[in-house]
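**Q** All residue numbers for the sequence shown refer to our numbering, where the first residue is 1485 and numbers rise by one.
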Amino acid sequence: MLFHVFTHQDTAEAVTENGTGTIHEHLYWSPLFLRKIARRLIKQQLLITEDGIYKLSEKGLKRIKECNILKPVD
1485 MLFHVFTHQD TAEAVTENGT GTIHEHLYWS PLFLRKIARR LIKQQLLITE
1535 DGIYKLSEKG LKRIKECNIL KPVD
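1) Going by C-alpha to C-alpha distance, which of Asn1552, Gly1544, Lys1539, Glu1550 sits closest to Thr1495?
2) Would you call the CB atoms of Gly1503 and Gly1536 closer than 7 Å?
3) If Ala1522 and Leu1531 are in contact, beta carbons under 8 Å, what's the gap, nearest whole angstrom?
4) Are there 16 or more other CB atoms within 10 angstroms of the CB of Glu1501, so buried, or fewer, so exposed?
5) Output the residue ranges of the alpha helix (DSSP H) runs that lie fully inside the segment 1493 to 1522 and measure 4 residues or longer, sorted by chain position.
6) Taking the alpha helix (DSSP H) that Leu1545 falls in, what are its first and last residues?
7) List the residues that DSSP assigns as beta-bridge partners of Ile1532.
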C-alpha cells in the first residue's frame, strides 16, 4: 500500500488512486482488509489521510526512499 500511495501521491490521479473510498479497487483488496492495513500504517505513523486521500507521512516517505526502488510518477 505504501508503494502504491507513493507512486500516485501529488499526481492528478491521486484522488482516485489514493482516495480513501477508492484505493481498495486499485489494490484489489476488500474494503475491510484495506481499512485494517491503513489503520496499522497510520498507527505506525507511516500513512496519513488528508481531504479523503491517503498520503505518506514524513516517516512513510523516508521508509520508501530507504528502499530506493521506486520513483514517483511525473
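For glycine and all other residues, C-beta sits at the position ideal for the given N, C-alpha and C.
**A** Here's the rundown:
1) Here residue 1495 refers to the residue found at position 11 of the sequence shown. That would be Lys1539, whose Cα lies nearest to the Cα of Thr1495.
2) Along the sequence shown, one-based indexing puts residue 1503 at 19. Along the sequence shown, one-based indexing puts residue 1536 at 52. Contact: yes.
3) Looking up residue 1522 in the sequence shown gives position 38. Looking up residue 1531 in the sequence shown gives position 47. Ala1522 to Leu1531, Cβ: 6 Å. Contact.
4) Reading the sequence shown from its first residue, position 17 is the one you call residue 1501. Under this definition Glu1501 is a buried residue.
5) 1498 to 1501, 1507 to 1511
6) By 1-based counting over the sequence shown, the position of residue 1545 is 61. That run of the alpha helix (DSSP H) goes 1542 to 1551.
7) By 1-based counting over the sequence shown, the position of residue 1532 is 48. Answer by DSSP bridge pairing, in chain order: Lys1539.
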